[in-house]
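Protein chains in written order, with the working numbering: chain A, 1 to 236; chain B, 1001 to 1267.
Just so it is clear, CB atoms sit at the ideal spot from N, CA and C, and this is done for glycine as well.
Structure, as structure tokens:
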């Protein structure tokens, strides 16, 4: 199995405050991997380092090519797309314009139109809302748009930060099914999620972060069965 | 009636320079959250660019306009590299102070090079009042990217937008506009001087504050309005009261609407 993403000895600090200490993780092509942990465990810092949004030390390789130190727009061009925590849509742009921003690096030629149709097939509600401002969508619709905006760039790696945050339980259920479908079409996913139980249901493998360090890792089934993980993260 | 029309026309002429300079302040702030205090010096650079072009290159109005705008844009890009890019994204006072410093340095550089007395700009052609093309921040690819950076710089970068390029683009456009305003004021008053940016810059800044920086159209309207108001005060009351009116309006508006008449982006 080929390795899509490989992170070694990752260190991130904000001023003198360390946020991530010697974290190592991998995403093999075709898998969903999850990073779990409490607030402030360093989950978001880890993925922001991979995206090039915060300064970090260590090595980050995409298909064997080192990408650490590259500016975020370059890393994106290499095939990494992001679904940020809290959606972070461009609220003054319409749904369609947000998709255009998603395809910024690819350009909006004829290929773009067919990608938009694919996105509308995946999220039919977005088709009806295409001329609305993104800021006027409901939480669930915003999450769909945030995912569509990332997918339309045809990434090789999709990085999702807390996709379930602030969504109703029913919506979360449907969202995770859709993430699984997207993965089944061949896209590799690295996901940060506080909802550990849900994440472990769809992830193949997961990492547990505790105050910036890797506390445990393993296949989801094994973590789910582990008593420590049960006690700390799954609430019983 | 003739005096009235004459004054309105004068006012629109001066007002269009306020509008254009204010637009530059507002554009740079809304896209990058930087109060660019060196912006008035782009205006000054435009006037000296016009002077240099007339002396050494051509007296054709469009050539002079292009020369002034080019000089302003070059100064703009240097300021972007030296005083804006290194501190962009930091607390708003830091770029404010950095650009203030560069602005003062530019004034004194101009004084050193051209002397402290105004240099005469020969009257080349009757002043042409130009219309500013609708700034295409709406439906072009980079226009959209600029709006995306304005709202969420981090997300825009993660979707392939080179934020440094947007920074150069924004400062470049704002400097081109300020340069054009500098050329027209230089030609109108047939002179350029090192500290000409101070009063024009301050008044344009006032226009942006009064309008709020959220809507381009609002900023432009207030610029034109201030020009007309000043011209009418000069014509019918007294030209010594002109500046007091501008700043008086600012005080009144800010007391009642601190975010400006049409709303502002916050830091």
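The way I'd put it, the stretch 93 to 110 of chain A does touch the stretch 1149 to 1162 of chain B; three or more beta-carbon pairs between them come closer than 8 Å. Each residue's CA atom was taken as its position, placing residue 47(A) and residue 1095(B) some 29 Å apart. The beta carbon of residue 1050(B) sits closer than 8 Å to the beta carbons of 1064, 1065, 1067, 1068, 1121, 1182, 1183, 1186, 1187 and 1192 from its chain, once the five residues preceding and following it are set aside; these are given in chain order. Note on residue 177(A): under 16 other CB atoms within 10 angstroms of its CB, so exposed under the neighbour-count rule. Distance from the Cα of residue 59(A) is smallest, within the candidate group 21(A), 229(A), 210(A) and 150(A), for 21(A). Rounded to whole angstroms, the gap between the alpha carbons of residue 38(A) and residue 209(A) is 8 Å.
Burial state of residue 200(A) is buried, judged by a 10 Å Cβ sphere holding 16 or more other Cβ atoms.
By the neighbour-count criterion, in which 16 or more other beta carbons inside 10 Å mark a residue as buried, residue 1113(B) falls on the exposed side. Looking at the backbone, the Cα of residue 1254(B) and that of residue 1260(B) are separated by about 7 Å. In its chain, beyond the 5 residues on either side, 208 and 209 have a beta carbon closer than 7 Å to the beta carbon of residue 215(A). DSSP places residue 191(A) in the uninterrupted beta strand (DSSP E) bounded by 188 to 193. With at least 16 other beta carbons inside 10 angstroms of its own, residue 1171(B) counts as buried. Rounded to whole angstroms, the separation of the alpha carbons of residue 1238(B) and residue 1163(B) is 48 Å.
Residue contact check for residue 1081(B) against chain A: no CB pair falls below 8 Å. Not one beta carbon of chain A lies nearer than 8 Å to the beta carbon of residue 1031(B).
Using beta-carbon distances, residue 1050(B) does not count as an interface residue toward chain A, since no partner is under 8 Å.
In the structure shown, residue 1162(B) adopts coil according to DSSP, grouped into three states. Rounded to whole angstroms, the separation of the alpha carbons of residue 1232(B) and residue 1211(B) is 20 Å.
When the beta-carbon positions are compared, residue 83(A) and residue 150(A) come within less than 8 Å of each other. In the DSSP assignment, residue 66(A) forms a beta bridge with 61(A). Counting only residues of its own chain and dropping the five nearest sequence neighbours on each side, residue 1220(B) has a CB closer than 7 Å to the CB of 1019 and 1023. In the same chain as residue 1141(B), and ignoring 5 residues on each side of it, no C-beta atom comes closer than 6 Å to its own.
Counting the other Cβ atoms within 10 Å of the Cβ of residue 1147(B) gives 16 or more, which makes it buried. Residues of the stretch 1012 to 1038 of chain B that bring their beta carbon within less than 7 Å of a beta carbon in chain A are absent altogether. Residue 206(A) and residue 44(A) have their C-alpha atoms spaced approximately 15 Å apart. In the pairwise beta carbon analysis, the stretch 77 to 93 of chain A is classified as not touching the stretch 113 to 122 of chain A: fewer than three pairs are separated by under 8 Å.
Less than 8 Å separates the beta-carbon of residue 51(A) from that of residue 72(A). For residue 145(A) against residue 137(A), the beta-carbon gap comes to about 6 Å, under 8 Å, which counts as contact. For the stretch 101 to 112 of chain A, the set of positions with a beta-carbon nearer than 9 Å to some beta-carbon of chain B reads 101, 102, 103, 104, 105, 106, 107 and 108 in chain order. Secondary structure at residue 1172(B): helix, using DSSP grouped into helix, strand and coil. Uninterrupted alpha helix (DSSP H) stretches at least 4 residues long and entirely within the stretch 37 to 108 of chain A occur at 43 to 51, 72 to 77 and 95 to 102, given in chain order. Just measuring C-alpha positions, the residue of 68(A), 147(A) and 34(A) sitting nearest residue 88(A) is 147(A). If you draw a 10 Å sphere on the C-beta of residue 196(A), you find 16 or more other C-beta atoms in it, and that means buried.
Per DSSP, the continuous alpha helix (DSSP H) segment holding residue 1221(B) begins and ends at 1216 to 1236. Its chain contains 1228, 1231 and 1232 as the residues whose beta carbon lies nearer than 8 Å to that of residue 1008(B), once the 5 sequence neighbours on both sides are disregarded; these appear in chain order. DSSP lists 192(A) as the beta-bridge partner residues of residue 161(A).
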